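*Asks:* Residue numbers (the UniProt record's numbering): 1 to 123. Each residue gets a CB set at the ideal place from its N, CA and C atoms; glycine is no exception. In this text the structure is predicted, and so the values were computed from the model without any measurement.
(1) Where do the N-terminal and C-terminal ends of the beta strand (DSSP E) with residue 85 fall, by residue?
(2) What three-state label does DSSP hand residue 18 in the structure shown?
(3) Grab me the residues of residue 114's own chain with a C-beta within less than 7 Å of its C-beta, minus the 5 sequence neighbours each way, in chain order.
(4) Going by DSSP, which residues form a beta bridge with residue 46?
(5) Bridge partners for residue 31 per DSSP, in chain order?
(6) Can you confirm whether the stretch 35–47 touches the stretch 19–27 when touching is taken to mean that 3 or more C-beta pairs between the two stretches lie within less than 8 Å?
(7) According to the Cβ coordinates, are residue 119 and residue 16 closer than 8 Å?
(8) For residue 112, does the count of other Cβ atoms within 10 angstroms reach 16, so buried, or fall short, so exposed?
(9) DSSP state of residue 103, grouped into three classes?
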């Protein structure tokens, strides 16, 4: 039996909820669908204030997606130093940064043609 394809909007919603559960900061969604030759449809970018918070965000996302959508990332990297952790759900890729690393690599600037949605948080 083939695995049921998960709706991208539903996946994004659960990922955002996982980030907010542990107070991840500066959450942006980059819609890459109208850009040619991209590797996925969406980037979700956020930041934590320390290695501990970055790891907490990553764990929260993975647990919430696994529990609610029964899905696991295709690939995860960067968890060892927790400065920039990438979680690849194939059509949605999550980047969890520490602030200084996010500023240095400026993913939003590199993908400036993408439609950006800024998620307002209440904390």
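*Replies:* Straight from the coordinates:
(1) 84–88
(2) helix
(3) 30, 31, 32, 35
(4) 96
(5) 42, 115
(6) yes
(7) yes
(8) exposed
(9) helix
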